[in-house]
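Engineer: Handing you a structure now.
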Amino acid sequence: MSNWAKREWFPMTTTLKISNLNKHFSGNKHVLRGIDLEVRSGEMVALIGASGSGKSTLLRHIAGLVAADTQTESLIEVGGRCVQHNGRIAKDIRSIRSKIGFVFQQFNLVDRLSVQTNVLVGLLHAIPLWRGLVHYFHPSEKKQALESLKRVGIHECHAQRASTLSGGQQQRAAIARTLVQGANLVLADEPIASLDPESSRNVIEILKNINKEDGCTILVSLHQVEFAKRYFNRIIGLQEGQIVFDGAPSELTVELLKKLYGSQANELFEPEQLSTPSSSNNSALSPSFNFHIA
Ligand SMILES: Nc1ncnc2c1ncn2[C@@H]1O[C@H](COP(=O)(O)OP(=O)(O)OP(=O)(O)O)[C@@H](O)[C@H]1O
Ligand SMILES: [Mg+2]
């Protein structure tokens with residue numbers, strides 16, 4: 569069965585729905601504050617915001633890895649299925665999570681296993697436990713892994729140990745794993761934060777390609793505003809756990825970015841951009857806007 573056929577599981581037009589998500593951590597730190605969000609099937613959305621604004625925490629709630637506050641009513645649905653309700657994670661979360669791919673900044677591959685076996689880990693939800701334990705995969709499954717590796721351009725490395733790959737290649741293997749998994753929603757938490765600019769472009773272009781060709785819904789947290797602007801149609805800005813911007817890249821103004829990043833804005837802009845008059849009609853970012861791409 570092709571990945572696309574498997575994706576019939578998400579027939580809805582809304583892939584992600586979040587209502588009134590609140591999260592306090594110990595010490596009464598209010599990290600997510602009444603988040604309401606809908607992401608339609610096939611969207612590719614960038615999540616931006618200063619360090620500590622709650623991006624990772626939000627993604628982890630969507631994957632059902634962290635439970636919201638129980639004191640307030642809240643709901644997170646993925647593909648029309650409840651991930652968590654009023655701070656209680658759904659009982660069938662493993663089945664829901666099998667359709668949610670998660671890509672991490674630090675790749676989360678098993679170093680000592682081959683690249684191909686790491687990709688096949690994406691199938692563990694679908695095969696008997698004993699097969700997973702002894703890494704027994706059918707030839708058709710191995711072929712599927714190779715095809716996924718081909719799509720991300722590293723099939724020639726399939727037999728190498730994961731630890732021997734470069735950072736960019738490891739991230740591509742992690743994306744291939746979500747392809748084999750047949751994920752309908754891919755959550756990527758700072759997938760390019762540890763990569764050089766060339767590898768970063770490559771990884772974002774691969775995600776864009778999966779989004780276009782497979783209709784996979786993609787939500788990516790990023791620090792690199794330039795990438796968000798260039799590759800995404802919709803950008804969500806988080807500030808202290810609240811959504812303060814949700815719109816097209818063209819609507820993202822210098823003022824908004826200064827507000828979003830506060831004292832961290834200096835790391836994003838050329839000094840002259842910081843002195844842009846706030847009343848200017850040209851404050852929406854132009855394509856030539858100079859960001860530092862880390
Ligand atoms: N398990 C936890 N216990 C206590 N506080 C936490 C926990 N996880 C996150 N936080 C706090 O929640 C806030 C948001 O953290 P989060 O990691 O979501 O931010 P972020 O936007 O992803 O930041 P960065 O860009 O640095 O990755 C921070 O103040 C962080 O210290
Ligand atoms: Mg984070």
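Taking this note's numbering, the leading residue of the sequence shown gets 569, the next gets one more, and so forth.
Here a beta-carbon is modelled for each residue, glycine too, at the ideal position from N, C-alpha and C.
All of these numbers come straight from a predicted model, not from anything done at the bench.
Which residue from V607, G602, K591 puts its Cα closest to that of T625?
Structural biologist: Here the closest residue by C-alpha is K591.
Engineer: When burial is assigned at 16 or more other CB atoms within 10 Å of the CB, is N686 buried or exposed?
Structural biologist: buried
Engineer: Given C784, which residues of its chain have a CB within under 7 Å of its CB, disregarding the five upstream and five downstream residues?
Structural biologist: A751, N752, V754, I778
Engineer: Which residues does DSSP pair with L600 in a beta bridge?
Structural biologist: For L600, DSSP records a beta bridge to K591.
Engineer: Between the C-alpha atoms of A585 and P817, what's the straight-line distance to the nearest angstrom?
Structural biologist: One point to set straight first is that residue 585 is Lys, not Ala, in the sequence displayed. About 22 Å.
Engineer: Who are the near neighbours of R680 in its chain, counting only those whose CB is closer than 8 Å to its CB and skipping five residues on each side?
Structural biologist: When the five nearest sequence neighbours on each side are left out, the beta carbons in the same chain lying within less than 8 Å of the beta carbon of R680 are those of R729, A730, S731, in order along the chain.
Engineer: For L517, report the span of its beta strand (DSSP E) as first-last.
Structural biologist: Beyond the ends of the chain as shown, which are 569 and 862, falls residue 517; an answer cannot be given.
Engineer: Could you pull the start and end residues of the alpha helix (DSSP H) that R665 belongs to?
Structural biologist: 661 to 665
Engineer: Given that a residue counts as buried once 16 or more other Cβ atoms are within 10 Å of its Cβ, and exposed if not, what is G815?
Structural biologist: exposed
Engineer: I'd like the list of long-range same chain contacts for H653, defined as Cβ closer than 7 Å, with 5 residues on each side in sequence excluded.
Structural biologist: L643
Engineer: Kindly examine ligand 1 and report whether one of its heavy atoms sits closer than 6 Å to the Cβ of T625.
Structural biologist: yes
Engineer: Going by beta carbon distance, what residues of the same chain come within less than 6 Å of A742, once the five residues before and after it are set aside?
Structural biologist: V671, F675
Engineer: Using only alpha-carbon positions, find the residue among T583, R662, A614, F593 that is nearest to V607.
Structural biologist: T583
Engineer: If you measure from the CB of V683, is any heavy atom of ligand 3 nearer than 6 Å?
Structural biologist: The model depicted lacks ligand 3 and carries ligand 1 and ligand 2 instead.
Engineer: If you reduce the DSSP assignment to three classes, tell me which class G622 lands in.
Structural biologist: coil
Engineer: Under 6 Å from any heavy atom of ligand 1, does the C-beta of V671 make it?
Structural biologist: no
Engineer: Return the bridge partner residues of Q652 from the DSSP annotation.
Structural biologist: Bridge pairing for Q652: I644, I657 [DSSP].
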